[in-house]
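What follows is a short report on a single structure.
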């Protein structure tokens, strides 16, 4: 079976995020009020071949934690969908 | 009302993605087989104050298209959730 995976990698809460802070500071001057807690991160989408959803989830989670995120300062979130 | 917004920005299909291609090429040597169509992008999460969900969606969509993505080569996807 083939699954579509989507991994979102963001800095853990408490880790400074200069990119998000810079965007947030610029927003009022650009006409956007009422926006808070801006955090910037990375996202990855890919397709996984696996015999079932559990195996696909294990493979995608290991891939995310070993190669896409730095678990010391980042957390990843996985969404999986059968194709 | 306050809404949690999550914006995912990815290159449009057909636009070359060297980062995704490099990750995908490295995977077999790192023990990950059966992974294809790797695409790299960026993600942003933030909170929006707005009178209702429609207004929050309009504000977040405009913010994404004007400031977070380059609509010429990138597409953005918005998820909104009431807090």
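Residue numbers (my numbering), protein chains in the order written: chain A, 1 to 83; chain B, 1 to 83.
We put the CB at the ideal spot given by N, CA and C, even for glycine.
As the structure is a computational prediction, the values presented were derived from the model and not from experiment.
Supposed close pair residue i, residue j - CB separation, criterion 8 Å
i: residue 47 of chain B; j: residue 37 of chain A; result: 5 Å
i: residue 43 of chain A; j: residue 72 of chain A; result: Between residue 72 of chain A and residue 43 of chain A the Cβ distance is about 20 Å, and since that is not below 8 Å, they are no contact.
i: residue 1 of chain B; j: residue 65 of chain B; result: The Cβ separation is near 22 Å, so there is no contact.
i: residue 60 of chain A; j: residue 78 of chain A; result: 6 Å
i: residue 9 of chain A; j: residue 69 of chain A; result: 4 Å
Interface flag, residue i vs chain A, CB-CB below 8 Å
i: residue 76 of chain B; result: no
i: residue 63 of chain B; result: yes
i: residue 23 of chain B; result: yes
i: residue 67 of chain B; result: yes
i: residue 58 of chain B; result: no
i: residue 3 of chain B; result: no
i: residue 54 of chain B; result: no
Local conformation of residue i per DSSP, three classes
i: residue 83 of chain B; result: coil
i: residue 66 of chain A; result: helix
i: residue 41 of chain A; result: strand
i: residue 25 of chain A; result: helix
i: residue 57 of chain A; result: helix
Residue-level contact to chain B via CB, residue i, 8 Å cutoff
i: residue 47 of chain A; result: yes
i: residue 38 of chain A; result: yes
i: residue 79 of chain A; result: no
i: residue 12 of chain A; result: no
i: residue 72 of chain A; result: no
i: residue 50 of chain A; result: yes
i: residue 8 of chain A; result: yes
Proximity of residue i and residue j at Cβ, strictly below 8 Å
i: residue 40 of chain A; j: residue 15 of chain A; result: no
i: residue 3 of chain B; j: residue 62 of chain B; result: no
Any chain D beta carbon closer than 8 Å to residue i
i: residue 29 of chain A; result: The chain labelled as chain D is not found among the protein chains of the depicted structure, namely A and B.
Closer than 7 Å: residue i CB and nearest the ligand FMN heavy atom
i: residue 27 of chain A; result: Among the ligands in the structure shown, none appear at all, so the ligand FMN cannot be discussed.
Nonlocal neighbours in the same chain, by C-beta distance under 7 Å from residue i, ignoring five residues either side
i: residue 49 of chain B; result: 2
i: residue 12 of chain B; result: 73, 74, 75
i: residue 17 of chain B; result: 11, 39, 40
i: residue 19 of chain B; result: 40
6 Å CB neighbourhood of residue i in its chain, flanking five on each side removed
i: residue 67 of chain A; result: none
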